[in-house]
Amino acid sequence: MADKKMVEEITSMDEDFAQWYTDIVRKAELIEYTSVKGCMAIKPDGYAIWENIQSELDKRFKATGVRNVYMPMFIPESLLEKEKDHVEGFAPEVAWVTHGGLEPLQERMCVRPTSETLFCDFYKNDVHSYRDLPKVYNQWCSVVRWEKETRPFLRSREFLWQEGHTAHATAEDAENRTVQMLNVYADFLEDFLAIPVIKGQKTEKEKFAGAEATYTVEALMHDGKALQSGTSHNFGNGFAKAFDIQFTDKDNTLKYVYQTSWGVTTRLIGAIIMVHGDNEGLVLPPRVAPVQLCIIPIQQKKEGVLDKAYELRDKLSAVARVKVDDTDKTPGWKFSEAEMRGYPLRLEIGPKDIEAGKCVLVRRDTREKIEASLDEVAAKVPELLETMQKEMLERARAHRDAHTYTATSYDEFKKVFTEKSGFVKAMWCGCKECEEQIKADLSVTSRCIPFEQETLSDVCVCCGKPAQKMVYWGRAY
RNA sequence: CGGCGCGUGGCUCAGCUUGGUAGAGCGCCACGUUCGGGACGUGGAGGUCGCAAGUUCAAAUCUUGUCGCGCCGACCA
46 MADKKMVEEI TSMDEDFAQW YTDIVRKAEL IEYTSVKGCM AIKPDGYAIW ENIQSELDKR
106 FKATGVRNVY MPMFIPESLL EKEKDHVEGF APEVAWVTHG GLEPLQERMC VRPTSETLFC
166 DFYKNDVHSY RDLPKVYNQW CSVVRWEKET RPFLRSREFL WQEGHTAHAT AEDAENRTVQ
226 MLNVYADFLE DFLAIPVIKG QKTEKEKFAG AEATYTVEAL MHDGKALQSG TSHNFGNGFA
286 KAFDIQFTDK DNTLKYVYQT SWGVTTRLIG AIIMVHGDNE GLVLPPRVAP VQLCIIPIQQ
346 KKEGVLDKAY ELRDKLSAVA RVKVDDTDKT PGWKFSEAEM RGYPLRLEIG PKDIEAGKCV
406 LVRRDTREKI EASLDEVAAK VPELLETMQK EMLERARAHR DAHTYTATSY DEFKKVFTEK
466 SGFVKAMWCG CKECEEQIKA DLSVTSRCIP FEQETLSDVC VCCGKPAQKM VYWGRAY
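Under this note's numbering, residues 46 to 522 are what the first sequence spells out, in order.
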């Protein structure tokens, strides 16, 4: 029964993972395509997920001293150009504004692809003394990157995100903040989204344009592809020098600030879909789910059924986010609909149940049916939601571990990526040439140099020279 | 930006080869019967066939161009 495919509209993920993803995004009504190429309309059920992500992360940010601000969405060309690596990294994908009304602008402006330059321009005038530091600001906004190929949530030309930008008196403070925020992301992904991550550092080749070091949390999707799910950058004082952000320190000397930036995007919604979803549709981890329990009345036109459903909703609203599906569809329809939309729990209540003083609870993740008396249901629901949250993380971790391989020779490395899909742990000499070779041979990239290192062998998996680091490799979104 | 595929009611598509009155299923609306895993009956609304030029007595159909979408590569959150 559990493997029977009930929702014909959703393509099976084994058949065509990309189509499965698109089907879910559409059938769960998360987005709609628009007339604007590469940009999506986020629908209420999709946006509600983002709002939950936002409010939880915002709370966690603020607990570490972050304050929210808002910067302009336009960046004058001269500002964007100040930091050489940065402009080289972003120039190919920025959108330009050339006219104001009918008049050509004296200087064209791009629509922000990221706001380092704006924050720098701002900090330049806002920071004078060590007493002004640290600056720990964040903004929730959208950014624009003129992507060639787009996919809902994973890559669109405009996307929603948060970008934190901080300025510190010392390199050590900046490094601590960079790591601290990476940990905020890692904890958030695991606790709230039930997505296990690998924490580590990006290689020189993969790091952010203009950064001294980029840290990342990498997650593994159901199809074995990797998704960079959050990043945190340490800029050292490179930007400060380019933008001339100096302060007078305690020792009465002029110093450059040390900066960081860090962000997550609506891409996280793509990660939720691809880590937890199944062939029946979306599966939302309870903590992030806008609706945690959907009550489905059976024979709702019979007297007392809907009343009971509403009564249960009112009672259970104290322990969960609840809705009643009182549309005039048949119960079978509503079951499928609830599954496609990923509601963690479904509660079925009909005349027979009311008579017996019970109801049926169904877990979305395992589709296990549980009978509960109407007296105990208010205690049962939060308990089940907690169990699901925990088990979803465990399942995702088990899947990731089962799809994490090791390779000590290049033949072995190639064999794994030819036959399987997932992360491969392998030793690396530290040179860019090997990364390029691996990419050319297998379209595999280094995902990160994990903080938790292991020694698998003494030599680089690619060139055979002495190895420096163990690296996670994978095919990425 | 390269390769492949696709644009016809809200959705999925047929029709195009061989030019001649725009179709189906689903969805939608109304009424009735139903209701524990996508129910059924009856009636109804809804399309300048992506756009533009061309060929023709006549174009959804042929030609050219163009725009958009999807997937795969390169680039990227």
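Where a beta carbon is used, it is the ideal one built from N, C-alpha and C, also for glycine.
Note that the coordinates shown come from a computational prediction; the quantities given were computed from them, not determined experimentally.
CA nearest to the CA of residue i, picked from the options
| i | options | result |
| --- | --- | --- |
| VAL422 | ALA441, ARG391, ARG412 | ARG391 |
| HIS321 | LYS247, PRO389, THR259 | PRO389 |
| ASP446 | THR305, GLY402, MET266, GLY110 | MET266 |
| THR310 | LEU199, VAL70, LEU430, ARG153 | LEU199 |
| GLY134 | PRO179, ARG190, ARG412 | ARG190 |
| THR159 | GLY509, PRO376, TRP307 | TRP307 |
| VAL132 | THR162, MET118, GLY110 | THR162 |
| ASP130 | PRO89, TYR355, MET85, PHE280 | PHE280 |
| LEU351 | ASP398, GLY387, VAL407, HIS213 | ASP398 |
| PRO89 | PRO511, THR195, ALA73, THR56 | ALA73 |
| GLN434 | ILE290, ILE240, ALA316, LYS374 | ILE240 |
| PHE18 | GLY315, TRP185, THR67 | Past the edges of the chain, shown from 46 to 522, lies residue 18, and the structure says nothing about it. |
| LYS459 | GLU436, VAL489, GLN513 | VAL489 |
| ALA231 | GLY269, THR248, HIS210, GLN273 | GLN273 |
| GLY349 | PRO396, ASP456, SER123 | PRO396 |
| LEU361 | ASP420, ILE87, LEU327 | ASP420 |
| LYS82 | TYR92, GLU192, ALA424, TYR301 | GLU192 |
Alpha carbon of residue i to alpha carbon of residue j, nearest angstrom
| i | j | result |
| --- | --- | --- |
| GLU60 | ALA108 | 44 Å |
| TYR522 | LEU357 | 43 Å |
| TRP378 | ALA441 | 29 Å |
| ILE120 | SER201 | 20 Å |
| SER277 | GLN344 | 53 Å |
| ASN170 | PRO117 | 16 Å |
| GLU77 | VAL242 | 29 Å |
| MET46 | THR411 | Note that MET46 scores 28 on pLDDT, short of 50, meaning its location in the model is unreliable and no value can be drawn from it. |
| MET51 | PHE380 | Because the pLDDT of MET51 is 46, which lies under 50, any placement of that residue in the model is unreliable, and the question is left without a value. |
| GLY475 | ARG222 | 26 Å |
| CYS508 | ASP486 | 13 Å |
| ALA212 | ALA285 | 9 Å |
| ASP48 | CYS84 | Bear in mind that a pLDDT of 33 at ASP48, under 50, signals an unreliable position, so the model cannot answer this. |
| ARG312 | ILE318 | 10 Å |
| PRO330 | GLU384 | 13 Å |
| GLN498 | ALA264 | 17 Å |
| PHE204 | THR79 | 14 Å |
| GLU126 | GLN304 | 18 Å |
| ASP323 | MET58 | 7 Å |
| LYS514 | SER466 | 22 Å |
| GLU235 | VAL262 | 11 Å |
| LYS295 | ARG492 | 40 Å |
| THR453 | GLY245 | 20 Å |
Segment limits, beta strand (DSSP E) that includes residue i
| i | result |
| --- | --- |
| CYS165 | Unbroken run through CYS165 is the alpha helix (DSSP H), 161 to 171; no beta strand (DSSP E). |
| GLY145 | 141 to 145 |
| THR132 | The sequence shown places Val at residue 132, not Thr. Premise fails: VAL132 lies in the alpha helix (DSSP H), 129 to 135, not in any beta strand (DSSP E). |
| ILE55 | It is not in any beta strand (DSSP E) - ILE55 carries neither H nor E in the DSSP assignment. |
| THR490 | 490 to 495 |
| ARG412 | Neither: ARG412 is in no beta strand (DSSP E) and is coded neither H nor E. |
Start-to-end residues for the alpha helix (DSSP H) that takes in residue i
| i | result |
| --- | --- |
| GLY92 | Checking the sequence, you will find Tyr at residue 92 rather than Gly. TYR92 -> alpha helix (DSSP H) spans 89 to 107. |
| ILE394 | Where ILE394 is concerned, there is no enclosing alpha helix (DSSP H), although the beta strand (DSSP E) it sits in stretches over 390 to 394. |
| MET433 | 422 to 447 |
| ILE317 | 312 to 321 |
| GLN482 | 477 to 487 |
| ARG358 | 350 to 361 |
| TYR455 | 455 to 464 |
Counterpart residues of residue i in DSSP-defined beta bridges
| i | result |
| --- | --- |
| ALA212 | LYS180, GLN304 |
| GLY275 | VAL262 |
| MET154 | PRO121, VAL142 |
| PHE292 | LYS300 |
| LEU338 | VAL367, LEU390 |
| LEU518 | Strictly speaking, residue 518 in this sequence is Trp, with Leu absent from that position. BP columns for TRP518 point to VAL469, SER491. |
| CYS186 | TRP206 |
| ALA452 | ALA471 |
- Message: Below 8 Å, how does it come out for the region 485 to 503 and the region 463 to 476: are there three or more Cβ pairs, yes or no?
- Response: yes
- Message: Counting beta carbon pairs with one atom in the region 94 to 104 and one in the region 244 to 262, are three or more of them shorter than 8 Å?
- Response: no
- Message: Under 8 Å: do the region 357 to 375 and the region 332 to 339 share three or more Cβ pairs, one atom per stretch?
- Response: yes
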